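In what follows, a structure is listed as structure tokens, so that the remarks can point back to it.
Residue numbers (UniProt numbering): 1 to 420.
Now the structure itself:
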């Protein structure tokens, strides 16, 4: 029988009534002839509660015990879901990570998949089980300890199972009914997309769109897993939601498919650093060691082309990172300077910026996208602080107070409310 993977997030299984609603959706897929693997998250708010308990119990906790505690939320949901399915006549069984087993690395809190053997679940399907309800977000290390995959890890679990079991499709049920051209809360003109390519979805996810976890999209693209994003609160059929698929499945694509934003960004500039081979490594090495996720990088000619104090050519270096990592970035730079690895005259931090991006596979074959984007922003008197580009995206850093206006302006400029 064909296999379908269905993943339900925390809001979809927030209480017993919603679990019953989800079980009905699963039952209908069983009636259509599928063996179903259901991946469940913890009930809404439960993981946050468990994390809070750990932090209140131990300020410097053992990561192995942290994983043991926070993974329990998914175990509860899986058991309740299996019970509900049994109540409506569907042979179901719950599976924890170690029972499958979901083999991962030993990196507690952010483990990576190693393998998902099919034998145990396939054997139960052969015995008459119709639904395997698997606790998402967790696995088992080579040492036999419970591991977790990081927040949003249930999406990645679902895609990994779809790849391992050659599933026909992986349906991600959430509280939105698909992927939109931009955040509908910012502009009412946002339009739901019927299809979007893996590359576009990966860019949107990494640039701030919260619908899918970035690692899940990476995995889907690598193994060509067809993903569908749809709402657990609406009546759905085979045409519902948005399909994330290979570029070849999309007959014709607009030049720009979506506008993404990331509100809480920071811009950090090191003024008057030496312009020499290895200076970038000397800056970004310590940042990497400090766990700072650097995004946009610009190196430019300093106000002084030659600085006698530094006995050579000098330059300025600007980069962006999430606001909550600014303290780590500043400390890393100050320590690198104190150790003599780098030298700079001044470190300036701007924590009042946001990133706005346009994304589209059509940009590969169309010129003038950047010019159109910059002209639209200029028309609203929005100043661009930093620019970065890739083959299918252009991102700009702007003052945070203009973020929503920029999103609306770009959505209109590229006519994203229209399907053609």
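Heads up, the beta-carbon is just placed ideally off N, CA and C, and yes, glycines get one too.
Bear in mind the structure is a predicted one, so any value in this text is a computation, not a measurement.
- For residue 206, the enclosing alpha helix (DSSP H) begins and ends at 198 to 206.
- Straight-line spacing of the CA atoms in residue 63 and residue 141 works out to 13 Å.
- Residue ranges of uninterrupted alpha helix (DSSP H) with 4 or more members, entirely inside the segment 116 to 201 and ordered along the chain, are 119 to 126 and 153 to 164.
- It is roughly 59 Å from the alpha-carbon of residue 330 to the alpha-carbon of residue 89.
- Here residue 385 carries a coil assignment [DSSP, helix/strand/coil].
- Using a Cβ-Cβ distance cut-off of 8 Å, the segment 34 to 52 and the segment 9 to 17 are in contact, since at least three pairs of beta carbons, one from each stretch, lie closer than that value.
- Looking at the DSSP output, residue 300 sits in a beta bridge with 316.
- Note that the C-beta distance between residue 269 and residue 316 is below 8 Å.
- Bounds of the beta strand (DSSP E) holding residue 95 are 92 to 95.
- Taking a C-beta distance under 8 Å as the contact criterion, residue 220 and residue 198 qualify as a contact pair.
- The segment 371 to 382 makes no contact with the segment 144 to 153; the number of CB pairs closer than 8 Å stays below 3.
- For the beta strand (DSSP E) assignment, the uninterrupted runs of no fewer than 3 residues enclosed by the segment 240 to 272 are, from N- to C-terminal side, 242 to 245.
- Residue environment analysis places residue 73 among the buried positions, since at least 16 neighbouring C-beta atoms fall within 10 angstroms of its C-beta.
- Going by beta carbons, residue 177 and residue 231 fall inside the 8 Å limit.
- The C-alpha of residue 324 is placed about 36 Å away from the C-alpha of residue 80.
- Residue range 63 to 70 is occupied by the alpha helix (DSSP H) that includes residue 70.
- With a minimum length of 3 residues, the unbroken runs of beta strand (DSSP E) contained wholly in the segment 14 to 71 fall at 35 to 40.
- Under the three-state reduction of DSSP output, residue 228 falls in the strand class.
- Following the DSSP letters along the chain, one finds residue 221 in no beta strand (DSSP E) but inside the alpha helix (DSSP H) bounded by residues 214 to 223.
- Taking each of 14, 409 and 166 in turn and checking the Cα distance to residue 187, the smallest one comes out for 409.
- Apart from sequence neighbours up to five positions away, the residues of its chain that approach residue 295 with a beta-carbon distance below 6 Å are 320, ordered along the chain.
- When the Cα atoms are used, residue 194 and residue 417 turn out to be separated by approximately 13 Å.
- Within the segment 328 to 407, the runs of beta strand (DSSP E) at least 3 residues long that lie entirely inside it are, in chain order, 346 to 359, 386 to 390 and 393 to 399.
- For residue 238, the secondary structure class from DSSP, reduced to helix, strand or coil, is coil.
- With respect to residue 359, residue 258 sits close: the two C-beta atoms are nearer than 8 Å.
- In the three-state reduction of the DSSP assignment, residue 284 falls in the helix class.
- In this structure, DSSP gives residue 279 a helical state, which the three-state scheme calls helix.
- Residue 115 and residue 160 have their C-alpha atoms roughly 9 Å apart.
- Take the alpha-carbon of residue 397 and the one of residue 255: they are about 21 Å apart.
- Between the alpha carbons of residue 135 and residue 50 lies a distance of about 16 Å.
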